[in-house]
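Letter by letter, the sequence shown follows residues 0 to 322 in numbering that gives the first Met the number 0.
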Amino acid sequence: MTASRKRVFVAGHKGMVGSAIVRQLEMQPHIELVLRQRCELNLLSQADVQAFFDAEKIDQVYLAAAKVGGIMANNVYPANFIYENLMIECNIIHAAHMCDVNDLLFLGSSCIYPKMTEQPMRESALLTGRLESTNEPYAVAKIAGIKLCESYNRQYGRNYRSVMPTNLYGENDNFHPTDSHVIPAMMRRFHEAKEEDAAEVVVWGTGKPMREFLHVDDMASASIFVANIDQLVYESCTSEMLSHINVGTGKDCSIAELAHTMADVVGYQGNIVFDSSKPDGAPRKLMNVDTLRELGWHYSIELKEGLQMTYEWFQYHQSDFRS
């Protein structure tokens, strides 16, 4: 008799991280993916999400759905960011529990950590200080997601885990000219400057902040790794009230260094100007990834290689980003 396949729901499968997880899970013959587009399932509706779980008999969940954006978007739409992210994670985590789904992985963000916390940021830094003001609503929602998972584990014995990625980039990123994160925004800006033969490219901020970047294919690999390691192994490196695991490379670069690397990858030869009147965000965001390394996972894609892969994908799909 052929063993039945595990039914896995990837929430947010059209997004950057969700699509990368799907690409890797598709290669596993024992997995049956359950996917829904936004027009098919409204994750902001508790009734719709509950009905979906009631009908689909899910075995495992990857909660990659979220409302995301860069500094400008977080500043302009703080209510949208906190409301939508809270609703999505509450609806999915509670419905999973109600339908006796024991295995779930929640994807958070490195912005959960205090602005001035010790670097590299350890998992234990959570809730030890003030958050960066530019994305506090989003960060609070992600912290709530971690605590939701911990609370269902404590009260109901669930196996709900959380991973906190550093800054991600790669295929299916958001290349919107104003609402995107630093790498896609910068890549599009340099690309358009090259096409227009512009004399200079203006980069927000001083260029001094330090940032860590992880290619989304590595994030997908780490997510699947953490979701499927033995529960006793997972619990041995976490605790009842500190259950999340950092995911990153463990090394960073300045925004200025990133800009010059981006110019090299794109082939832009003009000047790079830093606009210090625009916000920098946190001075440094580097993850301590000792826990994940001890479990046996390590990233594989270096930054310049990942930028080259992303730029090739962007060029092929650039007509999709015209606005």
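Using N, Cα and C, we set each Cβ at its ideal position, and we do this for glycine too. Since the model is a prediction, treat every value here as computed from it, not as a measurement.
According to DSSP, residue i sits in a beta bridge with which residue or residues?
i, result
"residue 164", "246"
"residue 159", "103"
"residue 283", "209"
"residue 10", "62"
"residue 120", "286"
"residue 241", "238"
"residue 56", "DSSP, once it has assigned bridges, lists no residue as partnering residue 56."
"residue 5", "30"
Starting from residue i, trace the beta strand (DSSP E) in both directions and tell me its first and last residue.
i, result
"residue 94", "Premise fails: residue 94 lies in the alpha helix (DSSP H), 77-97, not in any beta strand (DSSP E)."
"residue 32", "30-33"
"residue 27", "Note, residue 27: premise wrong, no beta strand (DSSP E); not H, not E."
"residue 274", "270-274"
"residue 199", "199-203"
Are residue i and residue j touching if we call contact CB-CB under 8 angstroms?
i, j, result
"residue 115", "residue 107", "no"
"residue 381", "residue 193", "The structure shown does not extend to residue 381, since the chain is modelled only from 0 through 322, so no value can be given for it."
"residue 278", "residue 70", "yes"
"residue 42", "residue 7", "no"
"residue 117", "residue 241", "no"
"residue 186", "residue 313", "yes"
"residue 247", "residue 211", "yes"
"residue 157", "residue 101", "yes"
"residue 9", "residue 34", "yes"
"residue 73", "residue 134", "yes"
"residue 332", "residue 155", "Because residue 332 is not part of the residues shown, which for the chain are 0 to 322, the question remains open."
"residue 60", "residue 130", "no"
"residue 295", "residue 197", "no"
"residue 113", "residue 249", "no"
"residue 53", "residue 98", "yes"
"residue 271", "residue 200", "yes"
"residue 236", "residue 293", "yes"
"residue 16", "residue 167", "yes"
Can you tell which of the options has its C-alpha closest to the C-alpha of residue i?
i, options, result
"residue 301", "69, 214, 30 and 194", "214"
"residue 203", "303, 139, 158 and 188", "188"
"residue 291", "165, 32 and 69", "165"
"residue 365", "308, 260, 34 and 191", "The chain is shown only over 0 to 322; residue 365 falls outside these bounds and no answer can be derived."
"residue 44", "195, 162, 85 and 22", "85"
"residue 298", "316, 83 and 245", "245"
"residue 65", "14, 218, 76 and 251", "14"
"residue 109", "139, 261, 12 and 99", "139"
"residue 75", "58, 136 and 171", "136"
"residue 163", "288, 196, 77 and 255", "288"
"residue 12", "57, 293, 63 and 54", "63"
"residue 315", "171, 175 and 216", "171"
"residue 159", "234, 303 and 184", "234"
"residue 22", "217, 275 and 229", "217"
"residue 396", "3, 254 and 124", "Outside the shown range of the chain (0 to 322) lies residue 396, about which nothing can therefore be said."
"residue 257", "20, 184 and 276", "184"
"residue 19", "126, 219, 276 and 81", "219"
"residue 182", "68, 125 and 94", "68"
"residue 176", "319, 4 and 5", "319"
"residue 276", "259, 77, 56 and 206", "206"
"residue 105", "124, 132, 79 and 151", "151"
"residue 132", "317, 303 and 280", "280"
"residue 55", "5, 78 and 126", "5"
"residue 239", "79, 161, 261 and 195", "161"
Along the alpha helix (DSSP H) that carries residue i, what are the first and last residues, could you check?
i, result
"residue 221", "215-227"
"residue 312", "302-316"
"residue 190", "181-195"
"residue 261", "254-265"
Should residue i be flagged as near chain B, meaning a C-beta pair shorter than 8 angstroms?
i, result
"residue 8", "Here there is only one protein chain, and chain B is not present."
Quick check: the region 138-147 against the region 268-285, are there 3 or more CB pairs under 8 angstroms?
no
Indicate whether the contact test is met: 3 or more Cβ pairs, each with one atom in the region 40-58 and one in the region 83-96, closer than 8 angstroms.
yes
Would you check if there are 3 or more beta carbon pairs closer than 8 angstroms linking the region 219-237 to the region 12-31?
yes
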